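For the sequence shown, the residue numbers in numbering that gives the first Met the number 0 are 0 to 365. Don't be surprised by glycine CBs; every beta carbon is placed ideally from N, CA and C. Every value quoted in this text rests on a predicted model; they were computed, and no experiment measured them. Some notes on the structure that comes next.
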Amino acid sequence: MVATAATSSFFPVTSSPDSSDSKNKKLGSGSTNLGGIKSKPSASSGSLQVKANAQAPPKINGTTVVTSPVEGFKNEDGAGSPHPRTFINQLPDWSMLLAAITTIFLAAEKQWMMLDWKPRRPDVLIDPFGIGRIVQDGLVFRQNFSIRSYEIGADRTASIETLMNHLQETAINHCKSAGLLGEGFGATPEMCKKNLIWVVTRMQVVFDRYPTWGDVVQVDTWVSASGKNGMRRDWLVSDSKTGEVLTRASSVWVMMNKLTRRLSKIPEEVRGEIEPYFMNSDPVVAEDSRKLVKLDKSMAEHVRKGLTPRWSDLDVNQHVNNVKYIGWILESAPLPVLETHELSSMTLEYRRECGRESILQSLTTV
């Protein structure tokens with residue numbers, strides 16, 4: 000069973016009284032509560048109309064001057080009331096048009112300045128790298144990543160999940176840059192026609208040094224053949240400035256039918272798509288031939304039960320993303336070990352896919 004909870008915060012919009020609505024203020028027909036909801040005026044107040052007209056004879060040097068109404072103009076009381084002579088109504092009509100054009104020009108200039116303005120930030124935090132590029136005779140894909148503040152852990156270094164996500168991202172972008180990305184998640188066009196997807200069966204990762212916030216890492220990846228029905232993908236992560244190697248990783252991938260969920264051989268049509276990109280090279284991580292023995296619950300020193308996949312843990316292939324397993328594995332590790340040690344290498348074997356309704360437990364022995 001998967002339980003999902005959602006919380007939402009609603010902030011009331013406080014309506015400030017309009018200073019120009021003096022009539023409603025005096026009549027007391029409107030009210031504002033603390034919740035930010037403004038009640039409507041009553042029907043009786045809406046039908047009330049107030050008209051006022053006050054006029055005093057002008058004086059010049061203390062002498063009252065009698066004025067006559069302007070011909071052709073009548074107010075509501077039937078008495079003549081001349082327009083006050085101001086600078087605006089003495090201007091010709093073209094002056095008003097010129098003022099409007101000037102206002103529009105100034106507004107457009109201000110908008111252009113706002114669009115042209117760019118914040119000044121340190122180059123180390125700017126991410127101009129885009130999707131990456133193909134290098135080394137079209138066989139190696141390269142992409143840079145800057146380590147963000149939300150990608151580091153309590154020790155101020157990049158989390159393992161962050162580094163593994165970089166590996167996965169470059170693998171997908173490699174397929175996209177090579178023109179091999181079909182409708183699926185990393186699947187070629189021929190794989191999409193045959194309902195085939197890639198699944199990882201084994202991965203080895205060696206962490207030489209963890210990057211910190213603000214570091215820019217360079218990730219190189221390439222593919223090679225692995226047996227008759229597999230493909231190997233390697234990664235080399237280094238510091239983009241110094242060239243220092245930070246992480247090395249090697250993985251083995253096979254094909255699975257996404258309808259039957261069974262492993263499949265590589266069809267010749269698919270092989271013809273991917274073989275031109277195979278690189279003849281050795282794995283960047285020496286293969287660990289040791290067999291990973293299943294840890295029995297009775298022998299485990301630390302057990303974490305009740306682990307259930309969240310909706311965000313699933314990928315487009317409708318199973319738990321391979322990076323999520325690493326977090327579950329570390330869930331049962333004792334806190335003193337996590338605080339005083341760092342993971343230097345790991346070997347992962349993916350034996351069965353995990354769905355949305357799976358309930359897992361994590362076993363650890365130190």
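Contact annotation: Thr169 and Thr241 have beta-carbon atoms that are not nearer than 8 Å. Below 8 Å, enough C-beta pairs join the stretch 202-215 and the stretch 144-154 to call them touching: three or more.
Per DSSP, reduced to three states, the secondary structure at Gly229 is strand.
Looking at the DSSP output, Ser223 bridges to Arg231. Annotation for Tyr276: Leu138, Ala177, Val222 place their beta carbon closer than 7 Å to its own, counting only its chain and skipping 5 residues before and after.
Of all alpha-carbon atoms in Leu97, Glu272, Glu300, the one lying nearest the alpha-carbon of Ser361 is that of Glu300. Taking Gln203 as reference, the option from Leu291, Val269, Asn316, Ala186 with the minimal CA-CA separation is Leu291. Taking the Cα of Val319 as reference, the smallest distance to any Cα among Gln135, Ala99, Gly354, Asn256 is reached at Gly354. Measuring C-alpha to C-alpha distances from Arg309 to each of Arg231, Ile171, Phe104, Ser357 identifies Ser357 as the nearest.
Comparing C-alpha distances from Lys227 to each of His340, Pro266, Ala157, Leu359 shows the shortest one belongs to Pro266. Between the beta-carbon of Val251 and that of Arg289 there is about 15 Å, and that puts the pair past the 8 Å contact cut.
The beta carbon of Ser280 sits closer than 8 Å to the beta carbons of Trp221, Ser223, Asp233 from its chain, once the five residues preceding and following it are set aside; these are given in chain order. As computed with DSSP, Gln142 is found in a beta bridge with Val218.
Where Gln167 is concerned, there is no enclosing beta strand (DSSP E), although the alpha helix (DSSP H) around it starts and stops at 159-176. Rounded to whole angstroms, Leu342 and Ile325 show a C-alpha spacing of 11 Å. Looking at the backbone, the Cα of Ala98 and that of Val218 are separated by about 58 Å. A straight line joining the alpha-carbon of Thr339 with that of Cys191 spans about 46 Å. Taking the Cα of Glu272 as reference, the smallest distance to any Cα among Leu105, Cys174, Gly152, Phe104 is reached at Cys174.
When rounded, the separation of the alpha-carbon atoms in Leu262 and Gly229 is 11 Å. Judged by beta-carbon spacing, Val302 lies beyond the 8 Å limit of Ser344, meaning their Cβ atoms are not closer than that value. Secondary structure at Trp212: coil, using DSSP grouped into helix, strand and coil. Assignment of Thr259 by DSSP, reduced to helix, strand and coil, places it in the coil class.
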